[in-house]
Amino acid sequence: MPAQKTTKAKRPNNRYVIDVSAPADDKIFDVAAFEKFLHDRIKVAGRTNNLTEQVTISRDGNKAIIVEAKIDFSKRYLKYLTKKFLKKHNLRDWLRVVATTKDTYKLKYFNVSNPEEDASDDEEED
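Numbering that gives the first Met the number 0 puts the sequence shown at residues 0 to 125.
Here is the structure:
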């Protein structure tokens with residue numbers, strides 16, 4: 000009889016990065032407040048304030064927020080919470096959340112061009 004192999008359930012180790020460098024450099028985004036918001040709002044097993052050692056949130060200066068999870072954790076959930084934070088601080092009209100890589104989100108400005116300025120430029124050329 001062959002020896003039975005035991006298989007351990009592989010624990011997921013998810014590491015997600017939210018790059019907030021652009022708005023943080025312009026001083027319109029408070030990275031510390033965002034980190035606290037995530038810490039207060041992330042739910043583990045259906046409960047907030049239940050992060051323990053399963054989910055860790057850290058800050059890389061004013062450049063990025065790093066969320067590491069040793070449980071199944073959705074990247075989409077981080078996007079949802081980021082958008083919620085932006086809406087709460089009235090930044091949702093100027094910033095958007097864009098996935099740059101498989102495990103990274105980046106806050107980018109909307110490309111807004113003022114149609115009135117474009118029209119005045121056309122009139123000056125005539």
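Glycine is no exception: its CB is placed at the ideal position from the N, C-alpha and C atoms. Everything numeric in this text was worked out from a predicted model, so none of it was measured.
Item                                                                                                                                                      : Value
With DSSP as the reference, label L80 as helix, strand or coil.                                                                                           : helix
My guess is that V96 and K82 are in contact by the Cβ rule of under 8 Å, so how many angstroms apart are they, rounded?                                   : 6 Å
Mapping DSSP to helix, strand and coil, what is V19?                                                                                                      : coil
If the criterion is Cβ atoms closer than 8 Å, does the pair L106 and V19 meet it?                                                                         : yes
Beta strand (DSSP E) containing E67: first to last residue?                                                                                               : A63 to A68
DSSP puts I27 in a beta bridge; with which residues?                                                                                                      : DSSP, once it has assigned bridges, lists no residue as partnering I27.
Does the beta-carbon of I41 have 16 or more other beta-carbons within 10 angstroms, so that it is buried, or is it exposed?                               : buried
Note down, in chain order, each residue of its chain lying with its Cβ closer than 7 Å to the Cβ of A21, except the 5 sequence neighbours on either side. : L106, K107 and Y108
Taking its Cβ as the centre, do 16 or more other Cβ atoms sit within 10 Å of I70, making it buried, or is it exposed?                                     : exposed
For Y76 and S112, what's the separation of their Cα atoms in angstroms?                                                                                   : 31 Å
Let's test the definition: count the other Cβ atoms within 10 Å of the Cβ of A32 and tell me whether it reaches 16, buried, or not, exposed.              : exposed
Could you give the DSSP three-state label for R91: helix, strand or coil?                                                                                 : coil
Indicate the three-state DSSP secondary structure (helix, strand or coil) for D71 in the structure shown.                                                 : coil
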